[in-house]
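Here the structure is laid out as structure tokens; the discussion comes afterwards.
In this note's numbering, the protein residues as written are 900 to 1936.
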């Protein structure tokens, strides 16, 4: 249905703009539908009453496109597509109280100017009929669709054609002295309303121009003789471009102050706020009557905000909320007018209607009810395209609302159910639990009491009122349900004699309106409760007994009063919420106001840690076990449910607690409630009297052994809180920053295997002659041991090995291999791993023949020549000393030993990187570099290793022993010299030379008298050849 209106006599006027009398003639029409036990509709014969128009003029005119009623007086039906000589002038028909056609009403006449004049005005596109028989019409097509509105006040006999009548028009022509309020193509008159607004002394008229100024505008006009005039400050503008501000208008007095509030529909308004995740399609602007209606008035913008995901699911941006507006009357009979808003394309085009309540403060921006098409009839489409409300059509004392769904060609009347107002009164006796007195319940019979308990009596009294009174003159029943501490796991109370200890339910029957009925319940306090400060909450809910389903469609109209709804009236307001909370408090020693105002103070220190400026210093390995010294004080009123929380790093372990003060008492019970939080339960309450000055001191022991070594700083945070009202929150929390350091010493030792001189046998071969590894030369291993000799663990380190691979070009032959690199491996991969660079190892790709010995199931250890396999390094193994280079030596031929190494850059070296993982104190790991000796010269070849630790780990160590070398001495094999035969002439020359030399010597001796010898005195030679000694022979000197 395109348009309709509620009318007196329990009638509903429904426009049918495409109504056809026969297949060739469709003038449109209006149906009168009676709301009674047997609903029926019949067409009102408007065209027969005005038969002066030809069929050509009325065919397709859309009579019933607009339908309005004053409710109790005249009604109006318009055909805004009515044409004369192809000019869409539009026309309307007034209907009498009994809905008989009265006369034709025409706002525009053909002026011969076509679209530039009033010939295309389409009068009746919008209309309003006031209760004092004033008619307001909109003509959005006037003067190039600038548009205009007109009003007429009808007096005297409705059938007297000579009665006084005068039209008051707004200006549509561009006249300098009286220009129109809006520009061309603005569609002024697309919607109209009228009301009494603050700032105006009389009724004014409002027209909507949804295309004006791109945003849409609304103009307030007042009557000035035969014209409707405006002031510039009376032009209201939308806040978003192309939002169709002014599509529909309605004036409603929401706060009953005698002035109307103006409501403007803005169906194309969109809200896409990503920051707040709020999305909406369509809006309603409400200009409150609290201030004068001017362009300076800031409106309340009501949107149906929802999250992006929900909006996409419902297509909320296409809902067109605000497409239609209507007064709803006083739906809840609270004395304030209510509003109905249509959103015909909500929920994928099915549609919905939203109801808003008025109040003393104005409109409540939160809708009180959403009625969807799916709830009414799942087949409906565009439910909410048109609305009409404010009249009680079913005579039950409550106004109803009618909704049009033109996409389904249906009109739906939503009947308002009556309201039962319930007045509950809840009391407790005594009002509080007094735990300072001995336990005992005055409502128990001592003869049957086995254990005295604390208790209170709950008294629930109810009375009701409802309209119409005659429909609620019999007894009414109410379901009452009482639940103790609904959201609590540990219940502190229970009901006496109840099947369920924490709940009672019953039916309260009230015979007459305003007659009070009461019910009593005894509530016991449970044993050993911890929370003695927080009031105990009791939820009380009220409901009407379940009733049968209300029939809706194509059946006799049922008595809607059999299906009331319940509203609860409290001391200040009424609400549709049917569940309320009450509280039972405790008597507390907290002064006259009964509010415990505690004054807690927390102090903490870390023992035996030392402070470095504002940070405590935790030395790993030295302070793995330390204490948090905690002092808790309350110098105020008792602190109920006191608790202490200690927040520590995730891997730090709670190791126990020890008392300090008061002496002799056990420390608070502390437990880990999660990986980072330790909770300690304290005496409840903490302080038993006003200004008690309570104090408790204790230690919490913590174990830092498992803290990650890359953690350099952390905090230990303490929180001391209570459920009492705390006066000094700044003293209730302490955060201690801690810097974690490691005082240790990482050393590196290097050794070469074999440790003695390596003899190179055979000639040096070129690279092309090498077929396998053994053909290169002797096997060489350089082993580097990284050892943690300090007290703390090291989380990670890096070992760099600088390996001599070739003779440095320049001083020696370029490119000659020294130690041909085969492999680098860690003997314990859980402690270290080396980065393998393929370009460094076995660059010639020779066949590897050296046997591999598996050390620990993970990494290989290669056996060098003349060496033995060493045992795996243990956590406390004896650490070898560094290999010291031997003093310089001379070769047998006098040649000096050639020193080649990486420390002095005398060799071309490559860098081998190894990552060292966690090393606890006294732990070590070995890195073995396997190679082959290539050069046969008398050489001293040294590799260099350097260990580094990241400064981010806060490790303090001696860096003087972070480097070490391993040296291999290469000695070529010494060979004996072969004997050679001498030539004969050399021998002859030598013999002759010898003889000549001898002769020369003899001659020289002879010349010197060597052969002239003196004879001793008395010497006589004998012929027997005997020689006798003289007596003096022995004395010859």
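For each residue, glycine too, the CB sits at the ideal point set by N, CA and C.
Cβ neighbours of residue i in the same chain (closer than 8 angstroms, five flanking residues each side left out)
i	result
residue 1406	1376, 1377, 1378, 1379 and 1444
residue 1549	1574 and 1575
residue 1195	1132
residue 1259	1154, 1155 and 1235
residue 925	917, 918, 919, 958 and 959
Span of the beta strand (DSSP E), counted from its first residue to its last, around residue i
i	result
residue 1162	1160-1172
residue 1052	1047-1052
residue 1825	1823-1832
residue 1194	Here residue 1194 belongs to no beta strand (DSSP E), and DSSP marks it neither H nor E.
residue 1038	1033-1038
residue 1303	1299-1304
residue 1344	No beta strand (DSSP E) contains residue 1344, which DSSP labels as neither H nor E.
residue 1733	1731-1733
residue 1320	1318-1328
residue 1181	1177-1186
residue 1687	1678-1687
residue 1500	1499-1506
residue 1721	1718-1725
residue 1431	Element bounds for residue 1431: n/a, residue is neither H nor E.
residue 1407	1402-1409
residue 1532	1524-1533
residue 1817	Premise fails: residue 1817 is in no beta strand (DSSP E) and is neither H nor E.
residue 1021	Premise fails: residue 1021 is in no beta strand (DSSP E) and is neither H nor E.
residue 1383	1375-1383
Cβ shell of residue i (< 6 angstroms), same chain only, five flanking positions each side left out
i	result
residue 904	912, 966, 967, 968 and 1287
residue 1596	1530, 1559 and 1560
residue 1071	1041, 1042, 1045, 1047 and 1079
residue 1059	Note that residue 1059 has pLDDT 43, beneath the 50 cutoff, so the model's placement of it is unreliable and no number is given.
residue 1366	1296
residue 1605	1550
residue 1267	1254 and 1256
residue 1382	1402 and 1438
residue 1747	1672
residue 1203	1179 and 1220
Residues sharing a beta bridge with residue i, DSSP
i	result
residue 1436	1482
residue 991	977 and 1004
residue 1270	1252
residue 1461	DSSP output for residue 1461 lists no bridge partner at all.
residue 1843	1701 and 1864
residue 1067	1050
residue 1651	1681
For residue j and residue i, believed in contact at Cβ under 8 angstroms, the rounded distance
i	j	result
residue 1692	residue 1641	7 angstroms
residue 1292	residue 909	5 angstroms
residue 1329	residue 1355	6 angstroms
residue 1528	residue 1629	21 angstroms between Cβ atoms; not a contact.
residue 1193	residue 1107	Between residue 1107 and residue 1193 the Cβ distance is about 17 angstroms, and since that is not below 8 angstroms, they are no contact.
residue 1325	residue 1439	6 angstroms
residue 1252	residue 1289	Not a contact, Cβ separation roughly 14 angstroms.
Residue i, enclosing alpha helix (DSSP H) - first and last residue
i	result
residue 1890	1883-1906
residue 1044	1041-1044
residue 1207	1207-1213
residue 1551	Here residue 1551 belongs to no alpha helix (DSSP H), and DSSP marks it neither H nor E.
residue 947	945-948
Proximal residues to residue i (C-beta, below 7 angstroms), its chain only, five neighbours per side dropped
i	result
residue 1933	The pLDDT assigned to residue 1933 is 44, lower than 50, so where the model puts this residue is not dependable, and the model offers no usable value.
residue 1578	1542, 1544, 1569, 1570 and 1572
residue 1207	1176 and 1178
residue 944	none
CB contact check: residue i to chain B, cutoff 8 angstroms
i	result
residue 1828	The structure shown contains no chain B, having only a single protein chain.
Where are the beta strand (DSSP E) runs, 3 residues long or more, that stay fully inside the stretch 1239-1267, in chain order? 1251-1255
Whole alpha helix (DSSP H) elements within the stretch 1566-1646, 4-residue minimum: none
Which complete beta strand (DSSP E) runs does the stretch 908-969 hold, if anything under 3 residues is left out? 910-915, 928-933, 939-943 and 965-968
Uninterrupted beta strand (DSSP E) stretches inside the stretch 1096-1153 (no shorter than 3 residues): 1103-1108, 1116-1123, 1126-1136 and 1148-1151
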